[in-house]
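Heads up: the sequence shown begins at 1 in full-length UniProt numbering, then just goes up one per residue. Glycine included, each C-beta is placed from N, C-alpha and C at the ideal position.
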Amino acid sequence: MAYVKDEQKIKIGAAKTKMVWTLGAASSRSVVMIEKLLEAGMNIARFDFSEGSHAHHQETIINLRTAIQNTGILCADMLDTKGPEIRTGEGQTINLPTLTRKDKVDIVQWGIPNRIDIIVLSSVHKGSDLDQVRNLLGMHANNIMLMSKIDNEEAAANVDEIMEKTDAVLLARGSQVMDQKKMIDKASALGIHIVTAVQILGGQTTDDDLPNAVLDCTTDCVMLLDGGDEAHPDIVLQRISSLCKELESSIDYKSVQQKIRKALPRPLQPIMARKAAYACWKYPKAKAIIITAKAAVNLVAKCRPSVPVLLVVSMSESFKWSSHVASHGLVSRGIIPLMGAESKTIGDMISFGVQVAKKGGICNAGDLVVALRVLNGCPVLLPLHV
1 MAYVKDEQKI KIGAAKTKMV WTLGAASSRS VVMIEKLLEA GMNIARFDFS
51 EGSHAHHQET IINLRTAIQN TGILCADMLD TKGPEIRTGE GQTINLPTLT
101 RKDKVDIVQW GIPNRIDIIV LSSVHKGSDL DQVRNLLGMH ANNIMLMSKI
151 DNEEAAANVD EIMEKTDAVL LARGSQVMDQ KKMIDKASAL GIHIVTAVQI
201 LGGQTTDDDL PNAVLDCTTD CVMLLDGGDE AHPDIVLQRI SSLCKELESS
251 IDYKSVQQKI RKALPRPLQP IMARKAAYAC WKYPKAKAII ITAKAAVNLV
301 AKCRPSVPVL LVVSMSESFK WSSHVASHGL VSRGIIPLMG AESKTIGDMI
351 SFGVQVAKKG GICNAGDLVV ALRVLNGCPV LLPLHV
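Below, the structure is given as structure tokens:
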């Protein structure tokens with residue numbers, strides 16, 4: 001759970017594409033190295049429960065939270081379940097559980113007590129599988145994002161019902177299970193986070209997966225898998241983050257947004273989706289978008305705005321709820337979560353976002369920014385000359 005006790009450090013110039021890095025290997029679990037990974041661009045720390053004991057992961061997550069406090073950089077945490085051992089193909093259907101007994105123990109005895117932000121389900125077959133996981137989470141279900149890996153024939157056949165119930169999908173580009181473009185189109189239309197797994201070997205990506213994921217503007221986040229073999233993971237992550245930023249600088253956002261607009265259903269529903277689209281496209285001279293509405297975060301991100309998007313979360317609300325909102329914002333492409341510790345009203349939150357934008361050089365006095373808030377249950381756009 002991303003929480004900074006003192007002053008938050010805002011990484012304004014970072015890549016819009018978010019980064020997942022696995023912690024736990026000897027080279028990537030000390031406080032010092034985790035601090036370097038945060039500085040290099042790690043947005044989400046992955047804990048791989050296919051290996052390692054609870055005690056091992058506990059020491060690592062304590063180090064992560066110490067590093068977050070030391071650097072002031074927000075970071076979400078992810079529990080990646082091991083799942084069942086058996087894998088099938090050739091159209092076979094086998095009744096494998098989404099969560100094994102080990103997975104349930106990992107979630108209940110480690111994930112929930114550590115207030116984990118994201119759980120990756122490595123074996124999803126149908127929509128009801130996600131219902132079972134949320135039943136296991138109980139009162140914590142609203143605070144934990146579920147990410148589904150669709151890598152079997154049954155899941156491919158039930159992709160529509162899975163998409164209706166999952167919060168995010170994990171794609172392994174090049175998978176032959178189902179048409180990747182079809183899956184991406186479905187996820188984008190529903191406002192679901194898209195995370196692409198990218199293999200790292202010798203400090204480099206092994207194929208064109210990373211450039212393709214960044215340049216086509218469909219991926220929110222890349223999960224970098226290095227097998228724990230990198231001696232200097234911070235240098236590798238910095239190199240990949242810089243590559244993403246360089247690739248993003250060549251994107252024609254006007255063309256990307258036109259493509260998205262053509263694909264949107266008419267009329268665009270719900271009203272929050274319409275307001276999110278307007279916030280991104282109606283004010284082309286705006287220097288930034290400020291969001292105070294939780295429901296708008298991924299809708300705005302999916303419209304692929306070219307300007308920074310600041311998500312302001314008030315610490316005066318329930319601490320657990322607000323910190324998870326900030327953490328989940330770290331999965332969305334281009335979203336910069338801000339923990340507004342002194343913000344008590346929506347007006348305070350917007351003012352805090354404007355102050356951060358000015359301090360970070362995003363906008364100057366007299367510039368236009370657009371705020372998206374909820375008033376009396378309805379989303380409202382506020383164009384502001386700051």
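Inset, instruction - Go ahead and pull the three-state DSSP assignment for GLN8. - result: Working through the sequence shown from its first residue, we reach residue 8 at position 8. Coil, per DSSP.
Legend entry - Inter-stretch contact (C-beta, 8 Å, three-pair minimum) for the stretch 284-297 and the stretch 305-313: Using a C-beta cut-off of 8 Å, the stretch 284-297 makes contact with the stretch 305-313, since at least three inter-stretch Cβ pairs fall below that distance.
Inset, instruction - Drop a sphere of 10 angstroms on the beta-carbon of ASN135, count the other beta-carbons inside from all chains shown, and report buried for 16 or more, exposed for fewer. - result: As a working mapping, residue 135 is identified with position 135 in the sequence shown. Under this definition ASN135 is an exposed residue.
Inset, instruction - Kindly indicate which three-state DSSP category VAL386 falls into: helix, strand or coil? - result: Numbered from 1 along the sequence shown, position 386 holds the residue referred to as residue 386. Reduced to three states, the DSSP call for VAL386 is coil.
Inset, instruction - Find out if the Cβ-Cβ distance for the pair LEU171, LEU146 is shorter than 9 Å. - result: By one-based count along the sequence shown, residue 171 stands at place 171. By one-based count along the sequence shown, residue 146 stands at place 146. Result no, Cβ atoms of LEU171 and LEU146 do not sit closer than 9 Å.
Legend entry - Distance, MET139 Cα to VAL354 Cα: The count along the sequence shown starts at 1 and reaches residue 354 at position 354. The count along the sequence shown starts at 1 and reaches residue 139 at position 139. Pairing VAL354 with MET139, the inter-Cα distance amounts to about 35 Å.
Inset, instruction - Within the same chain, show all residues whose beta-carbon is closer than 6 Å to that of THR100, passing over the 5 residues directly before and after it, in chain order. - result: Against the sequence shown, residue 100 aligns to sequence position 100. Cβ neighbours of THR100 beyond the five flanking positions: PRO84.
Legend entry - Nearest-angstrom beta carbon gap, ALA365 and VAL386 [assumed within contact, 8 Å]: Mapped onto the sequence shown, residue 386 falls at position 386. Mapped onto the sequence shown, residue 365 falls at position 365. The C-beta separation of VAL386 from ALA365 comes to about 7 Å, placing the pair in contact by the 8 Å criterion.
Legend entry - Cβ neighbours of THR292 in the same chain (closer than 6 Å, five flanking residues each side left out): Taking the sequence shown and counting its residues from 1, one reaches residue 292 at position 292. Apart from the 5 residues on each side of it in sequence, THR292 sits with its Cβ closer than 6 Å to the Cβ of VAL312, ILE346, MET349 and ARG373 in its chain, given in chain order.
Inset, instruction - Can you have a look at GLN8 and say buried or exposed, based on whether 16 or more other CB atoms are within 10 angstroms of its CB? - result: As a position in the sequence shown, residue 8 is number 8, starting the count at 1. Looking at its Cβ environment, which holds 16 or more other Cβ atoms inside 10 Å, GLN8 is buried.
Inset, instruction - Answer yes or no: do PHE49 and LYS102 have a C-beta to C-beta separation smaller than 9 Å? - result: By 1-based counting over the sequence shown, the position of residue 49 is 49. By 1-based counting over the sequence shown, the position of residue 102 is 102. Yes. Within cutoff.
Legend entry - Residue ranges of each alpha helix (DSSP H) within the UniProt domain "Pyruvate kinase barrel" (16-90), 4 or longer: Taking only runs of at least 4 residues, the alpha helix (DSSP H) segments lying wholly in the UniProt domain "Pyruvate kinase barrel" (16-90) are 31-40 and 54-71.
Inset, instruction - Taking LEU96 as the reference, give the member of LYS126, ILE162 and ILE34 with the closest Cα. - result: Here the question's residue 96 lines up with position 96 in the sequence shown. Checking every option, the nearest Cα to that of LEU96 belongs to LYS126.
Legend entry - Spatial distance of ALA326 from MET339 (CA atoms): Position 326 of the sequence shown, counting from 1, holds the residue named residue 326. Position 339 of the sequence shown, counting from 1, holds the residue named residue 339. When rounded, the distance between both Cα atoms is 7 Å.
Legend entry - Proximity winner among ALA187, ALA213, GLU51 and ILE184, relative to VAL198 (alpha-carbon distances): To locate residue 198, count along the sequence shown from 1; it is residue 198. Taking only the C-alpha atoms, the option nearest VAL198 is ALA213.
Legend entry - Buried or exposed by the 16-neighbour rule on C-beta atoms within 10 Å, applied to ASN142: Against the sequence shown, residue 142 aligns to sequence position 142. Per the 10 Å Cβ criterion, exposed.
Legend entry - residue 391, enclosing beta strand (DSSP E) - first and last residue: Beyond the ends of the chain as shown, which are 1 and 386, falls residue 391; an answer cannot be given.
Legend entry - Nearest candidate by alpha-carbon position, reference GLU246, set LYS16, ILE44, LEU190 and ILE336: Translated into positions along the sequence shown, residue 246 becomes position 246. The shortest CA-to-CA distance from GLU246 to any of LYS16, ILE44, LEU190 and ILE336 is the one to LYS16.
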